Amino acid sequence: MKYFDHAASTPPHPEVIRTIAEVMQAHYGNPSSLHASGESGFKLLHRAREVCAQALGVEPSEIVFTSGATESNNMAIKGAALQYRTRGKHLITSMVEHPSVYESFRQLEGLGFEVTFVPVQTDGTVDIEAVMQAVRKDTVLVSIMHVNNETGSIQPVAEIGRELKQKHPRVLFHVDGVQGFGKVPLQIKDSGIDLYSLSAHKIRGPKGAGLLYVRKGVQLFPLLSGGGQEGGVRSGTENVPALVGMAKALRLAKEKEGENIRGWRNVRQRLVEGMASLPELVLNSPADGAPHILHFSYPGMKPEVVLHCLEEDGLEVSTKSACSSKTSEPSRVLLAMGKSMEVAQSGIRISLGDEHTAEDADLLIEALTKAVKRLSGLKGGLK
Ligand code: PLP
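Okay, structure coming up:
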């Protein structure tokens with residue numbers, strides 16, 4: 001089976017698997033315990049924090065370990081909104097965020113906060129000026145993702161962050177960096193970013209591990225109370241093996257960033273060229289989108305039927321994103337980009353990993369062409 005769903009999750013790197021197994025076997029002590037077994041877990045965690053900080057270009061004390069980016073996003077958004085609620089109750093985000101961001105803001109609306117959902121342009125990006133114009137005296141937080149998980153559209157987060165800090169230094173800026181890390185270079189420290197979320201399993205690390213960068217001086221209302229781990233902001237015994245595995249994955253992703261990006265660009269370009277021979281196909285990803293994601297629609301065809309046809313040929317792709325692929329709702333992201341309902345209901349995402357080659361792209365195009373030919377005859381019945 002050839003796997004083309006790396007934006008949903010990636011195969012853990014063999015070195016990551018080895019590291020996790022070693023830590024599970026030899027370092028099972030609770031890192032908060034005072035004896036030698038606890039101390040060895042604590043040291044590993046300390047080292048993992050240093051490695052993660054180095055990969056992000058930040059200080060180890062600015063890293064909070066979490067169970068993944070859903071938690072990091074919730075922690076950043078709700079934690080900041082609740083902590084700074086006496087400053088103001090206005091929050092800003094975009095209409096194309098991941099559900100862990102979007103739904104956090106919806107929940108805060110229910111608690112009396114006011115949220116501006118900034119619209120996007122036809123390429124899926126927000127207009128920097130539209131974000132700036134949305135800022136008010138009582139705005140406490142702006143949250144914009146780096147790379148969209150459905151289309152790969154790249155948001156101008158560095159420009160937004162810098163302008164925001166220049167014009168409104170007290171407004172916090174959160175970036176969901178999950179689909180951008182290792183794929184689209186970003187200097188966190190130079191970009192006015194106060195909070196930055198990451199997930200290990202999107203970069204060949206384990207599931208259930210993530211982090212939140214919290215710039216020194218920023219306080220968050222703790223969503224999890226308990227033993228006061230992670231500087232008191234995230235109580236709960238740390239998942240030492242997974243976090244050590246995440247540190248390894250982050251380092252490997254950073255080391256191979258340039259090589260990976262070049263490889264993805266070539267494969268993606270080959271796919272785009274191949275898709276040109278399928279006239280009814282609508283490409284939803286912008287030409288200058290992230291190198292590892294290509295999203296398209298085949299209006300009139302049920303995407304899950306196309307997906308299963310491809311699967312019969314040994315190729316795994318995705319409909320929408322993993323979090324929403326089991327619902328029949330049209331894509332909120334595509335609708336926000338001004339796509340028709342038919343296009344928004346028939347989206348398919350291909351996302352690349354570092355193992356993919358130009359031959360894989362050819363295989364995919366061949367299988368897609370075959371599937372489309374086979375299904376066109378049935379088109380009316382498939383709607
Ligand atoms: N943010 C984005 C952009 C994502 O793509 C995902 C995962 O699909 C998440 C957040 C959530 O990450 P996790 O699976 O670690 O909770």
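UniProt numbering puts the first residue of the sequence shown at 1, with every later residue one more than the last.
Note that the Cβ used here is the ideal one computed from N, Cα and C, for glycine as well.
This structure is a prediction, so every number in the text was calculated from the model and none was measured.
Proximity test, residue i beta-carbon vs ligand 1 heavy atom, cut-off 7 Å
i           : result
residue 201 : yes
residue 149 : yes
residue 145 : yes
residue 107 : no
residue 7   : yes
residue 331 : no
residue 68  : yes
residue 284 : no
residue 210 : yes
residue 351 : no
residue 100 : yes
residue 178 : yes
residue 73  : yes
Whole-Å CB distance - residue i paired with residue j, under 8 Å assumed
i           : j           : result
residue 290 : residue 154 : 6 Å
residue 177 : residue 198 : 6 Å
residue 239 : residue 208 : 6 Å
residue 73  : residue 104 : 6 Å
residue 244 : residue 375 : Not really, about 46 Å apart at Cβ, beyond 8 Å.
residue 145 : residue 118 : Not a contact, Cβ separation roughly 12 Å.
residue 63  : residue 211 : 5 Å
residue 334 : residue 4   : The pair is not a contact, with the Cβ atoms about 19 Å apart (cut-off 8 Å).
residue 251 : residue 69  : In fact, because the Cβ distance is near 18 Å, the residues do not count as touching under 8 Å.
residue 35  : residue 29  : 7 Å
Straight-line Cα distance separating residue j from residue i
i           : j           : result
residue 46  : residue 25  : 19 Å
residue 338 : residue 274 : 25 Å
residue 303 : residue 351 : 16 Å
residue 316 : residue 372 : 16 Å
residue 57  : residue 185 : 12 Å
residue 200 : residue 218 : 23 Å
residue 260 : residue 214 : 28 Å
residue 234 : residue 192 : 24 Å
residue 361 : residue 282 : 18 Å
residue 139 : residue 108 : 14 Å
residue 147 : residue 22  : 33 Å
residue 52  : residue 247 : 5 Å
residue 367 : residue 152 : 23 Å
residue 329 : residue 159 : 33 Å
residue 61  : residue 216 : 8 Å
residue 164 : residue 180 : 21 Å
residue 288 : residue 205 : 27 Å
residue 14  : residue 20  : 10 Å
residue 347 : residue 230 : 40 Å
residue 87  : residue 196 : 22 Å
residue 161 : residue 341 : 33 Å
CB contact flag (residue i, residue j, <8 Å)
i           : j           : result
residue 168 : residue 135 : yes
residue 125 : residue 156 : yes
residue 143 : residue 171 : no
residue 343 : residue 279 : no
residue 16  : residue 253 : no
residue 131 : residue 188 : no
residue 67  : residue 202 : no
residue 2   : residue 314 : yes
residue 114 : residue 89  : yes
residue 236 : residue 223 : no
residue 221 : residue 194 : no
residue 319 : residue 307 : yes
residue 267 : residue 336 : no
residue 80  : residue 141 : yes
residue 292 : residue 370 : no
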